[in-house]
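What follows is a single structure, written as structure tokens, with notes after it.
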Amino acid sequence: MISTRKPVTRLSVAFFVATLFFGCGSSEVRSPLEQEIRPKSLISEAPTVMPQSQLQETGLSNTVKEPVKGQKVLYIGHSFGRPFAQKLPLFAEMAGVDNHIQEIVFRGGENGNPQALWENTEARLEIQNVLDNGDIDLLVMICCSDNFKESRETDWASQNWIDYALSANPDTHFALALPWVDYPSEYGNNEAFSGRMTAAHKSAWHPLIDNLRELYPGSKIQSIFHGKAAFDLRELFESDSLPEVSEMTLKKKQGQGLFTDHKGHAGQILLDLGTLVWLGSIYDVDLGNFPVEELKIGGEPYVTDLIAMAQEILDYDNLIDAG
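In my numbering, the protein residues as written are 18 to 340.
See the structure below:
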């Protein structure tokens with residue numbers, strides 16, 4: 018049953034978690050028009066498939082793979098997740114995914130967490146209207162509801178969204194995205210920047226997902242830890258091992274920054290790496306076959322091995338999940 022009141026039982030650790038999890042995403046004021054705009058769904062045309070007889074004649078029958086079936090994905094959340102959802106259709110097409118369809122409902126800053134979206138009547142109705150079509154395969158939400166910051170193990174708002182999505186389509190699956198912390202330049206080094214969120218990923222984030230899996234055993238519920246992309250890239254930058262980036266936070270129009278502003282919105286390299294993490298989390302594709310050479314930054318191909326970095330992040334998330 019969907020309820021709007023919080024559970025009575027919760028852990029009394031609100032003060033600790035307030036220092037552990039805090040607002041991610043844009044805090045800028047958005048106009049109602051901008052908030053309501055959703056990018057048009059991008060639908061890839063199915064590639065031409067060579068007949069099996071011709072494949073046998075050319076000797077390619079054992080190497081050509083069938084396209085991965087695309088999903089219709091709805092992302093609801095703030096700007097530390099929206100750019101990855103926007104870029105996912107392109108990356109899915111490049112990876113050989115057939116007919117990925119993307120829907121987005123956006124609210125900036127804390128207004129984009131699951132609880133805020135549920136409590137905002139306008140946003141809730143907008144999302145429910147998309148779900149009511151009954152054709153959403155995957156619903157992606159992003160950290161973090163206020164009640165989860167307090168309890169560190171449950172999120173009634175995420176449960177409400179799951180309940181509603183399943184009422185419209187019992188076959189819906191779910192993903193919870195965990196970004197980096199905002200205002201990265203206020204942390205003196207990457208250890209300080211990444212420490213709390215990395216610890217919380219293990220101690221609170223995956224326990225939340227495990228609890229949801231117990232409540233909804235018939236649905237696939239997964240983690241997308243694209244925040245680690247920011248942590249790993251900053252670590253390389255601080256060791257002078259990230260040649261594509263000239264400064265951590267871009268302060269001028271020329272050059273490349275890991276972040277584009279003081280708030281910590283993603284620069285291009287973080288956007289590309291994070292989208293690879295989303296791609297590998299959502300689809301069963303071999304990132305080693307992704308045509309990364311087609312990606313450019315400042316008009317040049319990447320020197321940094323984004324594929325290896327993305328795979329390491331996926332392996333790390335899976336390791337914590339298995340533990």
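Positions of the beta carbon are idealized from the N, C-alpha and C atoms, including for glycine.
Own chain residues within Cβ distance below 7 angstroms of residue i, not counting five before or after
i      : result
Tyr319 : Glu261, Val309 and Leu312
Ala185 : Leu148, Asp149 and Gly151
Asn164 : Lys23, Gln132, Asp172, Trp173 and Ala174
Lys86  : Asp115
Lys219 : Ile337
Tyr200 : His279, Lys280 and Gly281
Ser211 : Phe248
Cys214 : Reading off the sequence, residue 214 comes out as Met, not Cys. Cβ within range, chain order: Trp197, Val198 and Gly244.
Arg141 : Leu134 and Trp135
Cα-Cα separation between residue i and residue j, rounded to whole angstroms
i      : j      : result
Asn335 : Gly316 : 34 angstroms
Gly281 : Asp289 : 15 angstroms
Glu203 : Phe101 : 24 angstroms
Thr65  : Ile153 : In this prediction, Thr65 has a pLDDT of 35, which is less than 50 and means its spatial position is unreliable; what the coordinates show is noted afterwards. Cα to Cα, Thr65 sits roughly 26 angstroms from Ile153.
Ser240 : Leu156 : 12 angstroms
Gly284 : Met326 : 16 angstroms
Ser258 : Asp332 : 22 angstroms
Ile330 : Tyr300 : 15 angstroms
Lys270 : Ser263 : 12 angstroms
Cβ shell of residue i (< 6 angstroms), same chain only, five flanking positions each side left out
i      : result
Glu255 : Asn207
Leu229 : Ile238
Val122 : Ile93, Glu143 and Ile144
His117 : Gly87, Pro106 and Ala109
His190 : Leu155, Ser236 and Lys237
Option nearest residue i by Cα separation, candidates the options
i      : options                           : result
Trp222 : Phe248, Leu193 and Gly205         : Leu193
Glu127 : Ser236, Cys161, Leu91 and Gly98   : Cys161
Glu83  : Leu323, Ala339, Ala325 and Val302 : Val302
Val90  : Gly113, Met158 and Phe97          : Met158
Asn376 : Gln103, Gln328 and Leu287         : Since the first residue of the chain shown is 18 and the last is 340, residue 376 is not available in this structure.
His243 : Asn137, Leu287 and Leu304         : Leu287
Glu252 : Thr138, Tyr300, Thr321 and Arg124 : Thr321
Asp180 : Leu293, Pro234, Gly205 and Asn137 : Pro234
Gly125 : Thr138, Glu231 and His95          : His95
Environment of residue i [buried if 16+ CB atoms lie within 10 Å]
i      : result
Ala209 : exposed
Ala339 : exposed
DSSP-derived helix/strand/coil call for residue i
i      : result
Leu267 : coil
Ser258 : coil
Ala216 : helix
Ala112 : coil
Gln88  : coil
Asp322 : coil
Proximity test, residue i beta-carbon vs the ligand GTP heavy atom, cut-off 8 angstroms
i      : result
Gly113 : You won't find the ligand GTP in this model; it holds no ligand whatsoever.
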